[in-house]
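Just below is one structure, and these are the notes that go with it.
Protein chains: 2
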Amino acid sequence: MAGSSRLTGAGDPEATGSPATRRRATILDVAAAAGVSRQTVTRAINDMPGISVETKRRVLDAASTLAYRPSRFGRGLVTGGDSQLGLVVSDLTNPYSPELAAAVVRRAAAEGWSVSLVDIGLAGSADRLLHSLHAQVDVIVGYLGEWALGWESRFGATPLILLDAGADSPHAGINLNPAAAIEDLAAHFVAVGTRRPVVLDASEPHATSGRGSAMMGALERRGLSPELVHASASTPEHASAVTAQVIRRATPPDAIFAFNDLMALGVLSACRHAGLDVPRDIRVAGVDGLTIGGLVAPTLTTLAVDFDEVARHTLELAVALGDRRPDIDLHRVVSHRLVLRESA
Amino acid sequence: MAGSSRLTGAGDPEATGSPATRRRATILDVAAAAGVSRQTVTRAINDMPGISVETKRRVLDAASTLAYRPSRFGRGLVTGGDSQLGLVVSDLTNPYSPELAAAVVRRAAAEGWSVSLVDIGLAGSADRLLHSLHAQVDVIVGYLGEWALGWESRFGATPLILLDAGADSPHAGINLNPAAAIEDLAAHFVAVGTRRPVVLDASEPHATSGRGSAMMGALERRGLSPELVHASASTPEHASAVTAQVIRRATPPDAIFAFNDLMALGVLSACRHAGLDVPRDIRVAGVDGLTIGGLVAPTLTTLAVDFDEVARHTLELAVALGDRRPDIDLHRVVSHRLVLRESA
DNA sequence: CTGAAAGCGCTTACAG
DNA sequence: CTGAAAGCGCTTACAG
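Chains as they are written, first to last, in UniProt numbering: chain A, 1 to 344; chain B, 1 to 344.
In structure tokens:
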């Protein structure tokens, strides 16, 4: 190595060993290698007319040799580039997130948008993630939770579409409304003779969820006296634990309405381990309409979210906001739908 | 509208109604509005030193009024931009895809990469999707299937990392190896007294999958005579149908090894509907290690993929290829691991 | 069929 | 603290 040229000090690890990171080839490098101008390279690379087959071949060979790749920034600057959607979910390991993502990705592809996926539930790095996402995309959509607070001052004019953040949110948003489906399910419970229903709610601090209290009300209005219990965490495991306690009583419930499908799976599991038959001994229902609910045994009755509908609104809002054309209804509502299956 | 200026013809729909799409504000617009130079705008927007609080305020106000957002292309051209990974899956509705995606997104975030998610199983549009993806990302990784053929000629030098494409693939790749886990499971089956195992394979045309024949061999070597059956499609529903037939026989199987977890769920479902107890009457195992397998009742024994390990290799390869530094092992292997749960 | 010029929107030195 | 200049890598007219 003595005598070889180097730009860095002797102690620099970058200066030692193996083929170092080479500067990426640009259009000018290819042009020089092929002995043509850069616009001729553009013609060859982009398959445009007005270039002889022989020249094209020579250019493409040079490009290949140099491992040339057009810079998406250089190109995007002049063409405008594709639109990019940033999808933020809070926990990719909850099947709810990918079902939403699948619908959004599908719809986005149909509209010519790309989607960058971010899991904001990741330990500590949420702020950094949002910063880098906001620099890469045209519109951000998703479950931002507390991170939506002070958005304007932190991320300037990056349009934001909030999922299920409430109708009074200052941002554009899509809200889920389970009210009608809850009434339908309550009516169904009554119709099949339920007497002692339990509402198994999530673990929101000191509070009852909207869907929890809605179900309580719907059952009470029909003359039942539902019991409200909370899981200490919104997981199938905790749902299972609470269920195990409740069904061990002298007069156990004959129906359990779980906060979501994942928790309902925990309920099903606890019932099975206790030797209870669902739905004969006890009925179970969840919320979300996850695909998995149709694959377990018994299949799960649920209040399903129409993810395609959510995705449709998402892209509609994204396109409008991306075009700086906010002359549309910025608050959409998607209703849940009762899907009766074996468990209830 | 008469007399108002318009650039387009009278019949142009763009010329009618509502605030039309305005040109997006640039840094120069903000500079003009605030009465400063563009580099002062840069300082304000990017929170850099060397600017008075009062000037900064004025610039930020102007930016806000104009809804200014820095162009990611302009910025990327000079800063280099973040690295972007394109993740291609074949079917986002199969839980396998999101579990992989979750791991990759998590790891990518840790390494400062963004990931764009594409579902190539979408009707017909695969080619268009790959084209637009290849223009947006630095490296593409995933299940490309037949689309990996002729990659070089179609997408030039865009680095490609193939998942589970076989060790003889010309591209960089990560391969899954179930061999050892299959031996472990076969040994377990034998140890617990299995006599009549069935291997329920996927519906690959006229062929037996690698894992299917590996399991057949592993069982035969242990003195058993396993039966091989194929589902007419690789879905839980078809797995369910085949299972229903097989367990109806005079001497039904006492164990079923399914091609993957999703099909194993179908098997569980069929067993339950037939009144068979798992694992007492019949044992069931799948492949993939999906989270859902731990949530159903009975919980599913499986050969688990270490998605974090796959993600780790993915990012390692992506970084190396993105840096044009292919002096590393371009073919990685991740082994399955036997996870014994209730079903077997 | 090919190339010289202009410009997309930014940031990074550098000069005041 | 502020601004004039240069340049990132590409494509789009335009001229030959």
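Just so you know, even glycine gets a beta-carbon here, dropped at the ideal spot from N, CA and C.
Rounding to the nearest angstrom, what Cα-Cα distance links residue i and residue j in this structure?
i	j	result
Ala-258 of chain A	Leu-219 of chain B	43 Å
Leu-340 of chain B	Val-190 of chain B	14 Å
Cys-271 of chain A	Glu-342 of chain A	14 Å
Ser-4 of chain A	Val-30 of chain A	With a pLDDT of 34 at Ser-4 of chain A, under the threshold of 50, the modelled position of that residue is not reliable, and no figure is offered here.
Thr-26 of chain B	Ala-304 of chain A	44 Å
Glu-237 of chain B	Ser-234 of chain A	30 Å
Leu-77 of chain A	Val-78 of chain B	11 Å
Phe-73 of chain A	Arg-332 of chain A	34 Å
Tyr-96 of chain B	His-188 of chain B	25 Å
Ser-240 of chain B	Thr-299 of chain A	13 Å
Val-229 of chain B	Val-199 of chain A	44 Å
Arg-211 of chain A	Thr-314 of chain A	23 Å
Ala-250 of chain B	Arg-195 of chain B	15 Å
Leu-330 of chain A	Leu-176 of chain A	14 Å
Ala-110 of chain B	Arg-128 of chain A	10 Å
Ala-101 of chain B	Leu-290 of chain A	18 Å
Met-216 of chain A	Leu-224 of chain A	9 Å
Val-242 of chain A	Asn-46 of chain B	50 Å
Ala-231 of chain B	Asp-184 of chain A	38 Å
Pro-226 of chain A	Ile-256 of chain A	10 Å
Ser-64 of chain B	Ala-33 of chain B	11 Å
Leu-124 of chain B	Leu-133 of chain B	The sequence as given places Gly at residue 124 of chain B; Leu does not occur at that position. Roughly 15 Å between the two C-alpha positions.
Using a Cβ-Cβ cutoff of less than 7 Å, which residues in the same chain neighbour residue i once the five nearest sequence positions on both sides are dropped?
i	result
Arg-312 of chain B	Arg-107
Leu-28 of chain A	Arg-38
Leu-276 of chain A	Ile-247 and Ile-282
Gly-322 of chain A	Ser-83, Asp-138, Val-139 and Pro-159
Gly-142 of chain A	Leu-87, Val-88, Val-89 and Leu-163
Ser-71 of chain B	none
Val-209 of chain B	It should be pointed out that residue 209 of chain B corresponds to Ser in this sequence rather than to Val. Answer for Ser-209 of chain B: Asp-201, Ala-202 and Phe-259, listed in chain order.
Classify residue i as helix, strand or coil using the three-state DSSP reduction.
i	result
Pro-98 of chain B	helix
Ile-247 of chain B	coil
His-230 of chain A	strand
Thr-26 of chain B	coil
Ser-269 of chain A	helix
His-331 of chain B	strand
Thr-301 of chain A	strand
Pro-197 of chain A	strand
Asp-138 of chain B	coil
Val-104 of chain A	helix
Leu-340 of chain B	coil
Ala-172 of chain A	strand
Ser-18 of chain B	Its pLDDT being 38, under 50, Ser-18 of chain B is placed unreliably in this model, and the coordinates cannot settle the point.
Val-36 of chain A	coil
Arg-283 of chain A	strand
Asp-119 of chain A	strand
Asp-288 of chain B	strand
Phe-307 of chain B	helix
Taking Cβ positions, are residue i and residue j nearer each other than 8 Å?
i	j	result
Ala-254 of chain A	Gly-286 of chain A	The sequence shown places Asp at residue 254 of chain A, rather than the Ala named in the question. Their beta carbons are not under 8 Å apart, which means Asp-254 of chain A does not touch Gly-286 of chain A by this criterion.
Val-278 of chain B	Glu-309 of chain B	no
Leu-117 of chain B	Val-105 of chain A	yes
Ala-179 of chain B	Ala-214 of chain B	yes
Gly-35 of chain B	Arg-43 of chain B	no
Arg-154 of chain B	Arg-24 of chain A	no
Ala-181 of chain A	Arg-280 of chain A	no
Ala-157 of chain A	Ala-67 of chain B	yes
Ala-186 of chain A	Arg-222 of chain A	yes
Trp-113 of chain B	Leu-130 of chain B	no
Gly-173 of chain A	Ile-161 of chain A	yes
residue 347 of chain A	Ala-103 of chain A	Absent from the model: residue 347 of chain A. The displayed extent of chain A is 1 to 344, so no value can be given.
Only counting the same chain, and skipping five residues up and downstream in sequence, which positions put a Cβ closer than 8 Å to that of residue i?
i	result
Ile-328 of chain B	Glu-316, Leu-317 and Ala-320
Please return the same chain residues whose Cβ sits closer than 6 Å to the Cβ of residue i, not counting the five positions on each side in sequence.
i	result
Arg-69 of chain A	none
Leu-92 of chain B	Asp-119
Thr-301 of chain A	Ala-285, Leu-340, Arg-341, Ser-343 and Ala-344
Ala-244 of chain B	Ala-270
His-171 of chain A	Leu-160 and Leu-162
Leu-60 of chain B	Ala-44
**Message:** For the structure I just gave you, are there three or more beta carbon pairs, one from the stretch 263 to 274 of chain A and one from the stretch 284 to 302 of chain B, closer than 8 Å?
**Reply:** Enough Cβ pairs lie closer than 8 Å, so yes.
**Message:** Does the structure place the stretch 50 to 59 of chain A close enough to the stretch 77 to 86 of chain A that three or more beta carbon pairs sit under 8 Å?
**Reply:** Flag = no, the stretch 77 to 86 of chain A and the stretch 50 to 59 of chain A do not touch.
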